[in-house]
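The block underneath contains the structure these notes are about, expressed in structure tokens.
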Amino acid sequence: MAISGDDIKKVRLGLASPEEMLSWSRGEVTNSETINYRTHKPERGGLYAEEIFGPENDYECACGKYKGKKYEGITCEKCGVLVTDSSVRRVNMGHIRLASPVVHFWYLKGVASPLSRLLGIKRRDLRRIAYYETETSREDLFVVTSSSSPKIKVGETLYDTEVRILSGAFTFQVERAFLVTSAPKVTAEEAGTALIEERKLQTGEPFRVVILGKHEYPVTMDTDLYVEDGEEVEEGQLICERPAGEVCSQTMFEMLSARYEGIEGQPITETVDNLAFLVTRVKGDVPLRVGQQITSLERRAYERAFPGTFEAATGAFGIKGLLANLDLDALSEELWEQLDRTANQGERRRLLHRLEVVEQLKKSGNRPENMVLEVVPVLPPALRPMIQLEGGKFATTDLNDLYRRIINRNNRLKKLMEMGAPEIILRNERRMLQEAVDALIHNEKKDNPIRGRDGRPLKSLSERIQGKQGRLRRHLLGRRVDYSGRAVIVVNPKLKLYQCGIPKKMALELFKPFVLARLENVTFSDYDEVKNRALAGELPEVWDILDELIK
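Be aware that the sequence shown starts at 492, since it is given in the working numbering, and climbs by one per residue.
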């Protein structure tokens, strides 16, 4: 059933779920192409695909097998196009199923960032998570010298953060790790039979000793020896290339430095790039809470110390997981309790802002996890037209370029995931997909908007709605006053006290939208030229319609 403007009492904006978006769609757009520039026919699976958005010609499928209104409602088994009126290309929508979820730009970077307030996370931190940004930190490196747990190996290296977390679950000892930058070759100072023993430092760390006569040659456990136990060794024969590997403990380094001349080294401190993760679920006895931010180092250590007791993710995966597990009623009650206990004005203001978002979500019935997109709707082709110019060139709207960018990046990410690409490459592709969807929603607000060949930012969905030239103000709101009808008010004895007489042409101009809607219902021509003549009062039928409207 067709719906006219008179049937719409109010419009409410809300968050659509992926299932709702799929219900609007007539098919998935998987090809970034629009039309074939040789045949001028829409590409299959593309942004103008007839099998998704409907036929270009009335009651004619793409391959031409079915032509005529008598085949209406039949789907061509060859090209997959439903035989119907071409006007459906103004209505039918498609969709792009994303290989990785993305956060909706308005809720992430919009005014006051509702997503930041809802989760109680600083806007800067939330953006860092959504765009897979790393934060550098300086970490001291340690070497395990002894361990009573089979999960912690002697000799392995751990960062300061890992030591702090793992020491709460396992018993082991560590020392600062030293980088051995220079070490001499070890050669036999006398001939004899080699005897190899294993000993321990006072810290419990094991090492090996090669004994030749009265000389002892201590080396670390990971050193490759060129002699074997019981082997006859000649004077000057090479025992090992160096007495220690690249990394050893501080006590080991001091012991080797006392035995060999020329050993140089220094404590190791590394710069680590950390991703931020969100704890989305806690299932066991682990010192974490839902919504807590942890670094990639902390996540690795907690998974090792408390396997299977929690879930944490980064990017839109982490944000969606946190939103999906959010209990708005419980959160609202908790925030009210905190508000009653808090006297600090700054903290009260923060709680009130967060409470406002929670209560609005409860009142509207919207689910917070729908702030993260898994499906992107594709507008009907008639709302993003492509026009052929002189010389065979085509002009298209910016929306097609923005959709094309999303499809290309989405397809590339799918292919890399199928190939099993490294996580660092996948993270970069996910970030680029997030930026492509951001550009479609609100390109001008991006830090680096996508620009066309002329250097101007491409016009996104938000720009098509807002502003004086937007969809609302251009046709509905904020119109300029037409003063062409100003006149002196005079009396007319034929009018009632509650009546006002105006010229017929002025009445036609005032009721123009209603006359136009009636013309479309009782249309005698689809040509705009004829409609324009009617609205100008050149056709007698229009005055009959105006009389009906005024009554």
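Virtual Cβ for every residue (Gly too), placed ideally from N, Cα, C.
Keep in mind the model is a prediction, meaning the values are calculated, not measured.
Neighbourhood of residue i by C-beta, 8 Å cutoff - its chain only, sequence neighbours within 5 removed
i    : result
I932 : H595, F596, W597, S951, L952, S953
A540 : G518, V520, N522, P533, E534, G585
G782 : L610, G611, I612, L769, V770, L813
P948 : N934, E935, P940, I941, R942
E688 : R699, V700, I702
E752 : P675
M877 : T525, I526, Y539, F885, A886, T887, T888, N891
G799 : K774, G775
Residue span of the alpha helix (DSSP H) that contains residue i, given as start and end
i    : result
Q836 : 836–855
T888 : Premise fails: T888 is in no alpha helix (DSSP H) and is neither H nor E.
E954 : 952–956
K691 : Unbroken run through K691 is the beta strand (DSSP E), 686–691; no alpha helix (DSSP H).
A796 : 787–796
A821 : 819–832
L599 : 596–600
R780 : Looking at the DSSP string, R780 is not in any alpha helix (DSSP H), and its letter there is neither H nor E.
Extent of the continuous beta strand (DSSP E) to which residue i belongs
i    : result
R699 : 697–703
P709 : 706–710
S638 : 625–638
L649 : 648–650
H933 : Per DSSP, H933 belongs to no beta strand (DSSP E); it is in the alpha helix (DSSP H), 914–933.
G809 : Taken as a continuous stretch (DSSP letters only), G809 belongs to no beta strand (DSSP E), being part of the alpha helix (DSSP H) at 806–815.
T742 : From DSSP, T742 is part of no beta strand (DSSP E) but of the alpha helix (DSSP H) over 741–750.
D764 : 760–773
M877 : 877–879
S577 : Unbroken run through S577: none, as it is neither H nor E.
L864 : 863–869
S516 : 516–519
F663 : 663–673
I730 : 729–731
Whole-number beta carbon distance between residue j and residue i, since they are thought to touch under 8 Å
i    : j    : result
K996 : K600 : That belief does not hold up - the Cβ atoms of K996 and K600 are roughly 49 Å apart, past 8 Å.
V665 : V634 : 6 Å
C739 : D715 : Going by Cβ atoms, the distance from C739 to D715 rounds to 15 Å, so no, they are not a contact pair.
P592 : A807 : 4 Å
Assigned exposure category for residue i - 16 Cβ within 10 Å defines buried
i     : result
C991  : exposed
Y793  : buried
Y974  : exposed
N835  : exposed
Q925  : buried
K811  : buried
P872  : buried
A674  : buried
E723  : exposed
F885  : exposed
P1048 : In the structure displayed, the chain extends from 492 to 1042; residue 1048 sits before or after that span and is not available.
S640  : exposed
Y623  : buried
G911  : exposed
G721  : exposed
P605  : buried
E510  : exposed
Y650  : buried
D929  : buried
L843  : exposed
E824  : exposed
E828  : exposed
Euclidean distance between Cα positions of residue i and residue j
i     : j    : result
V982  : L988 : 10 Å
R900  : M923 : 7 Å
D1035 : I587 : 47 Å
I1041 : Q851 : 42 Å
D831  : L846 : 13 Å
R875  : V763 : 46 Å
L779  : R790 : 10 Å
I499  : G564 : 29 Å
R614  : V602 : 11 Å
P758  : T672 : 11 Å
P868  : E653 : 44 Å
I956  : N583 : 20 Å
Own chain, CB closer than 7 Å to residue i, minus 5 neighbours either side, in chain order
i     : result
D616  : A767, Q784
G727  : T678, A679
E506  : The amino acid at residue 506 is misidentified as Glu; the sequence shows Leu. Same-chain partners within the cutoff: N857, R858, N861, M862.
D1017 : Its pLDDT being 48, under 50, D1017 is placed unreliably by the model, and the measurement read from it follows with that caveat. Around D1017: no qualifying Cβ.
K691  : P697
S577  : G545, P546, E547, N548, D549
M712  : G646, P697, F698, R699
Close-in-space but distant-in-sequence residues of the same chain around residue i (CB under 6 Å, 5 per side omitted)
i    : result
S787 : N765, L766
K560 : Y550
E707 : V700
Any non-hydrogen atom of the ligand SAH within 6 Å of residue i CB
i    : result
D715 : Looking for the ligand SAH in the displayed structure turns up nothing, as the structure carries no ligands at all.
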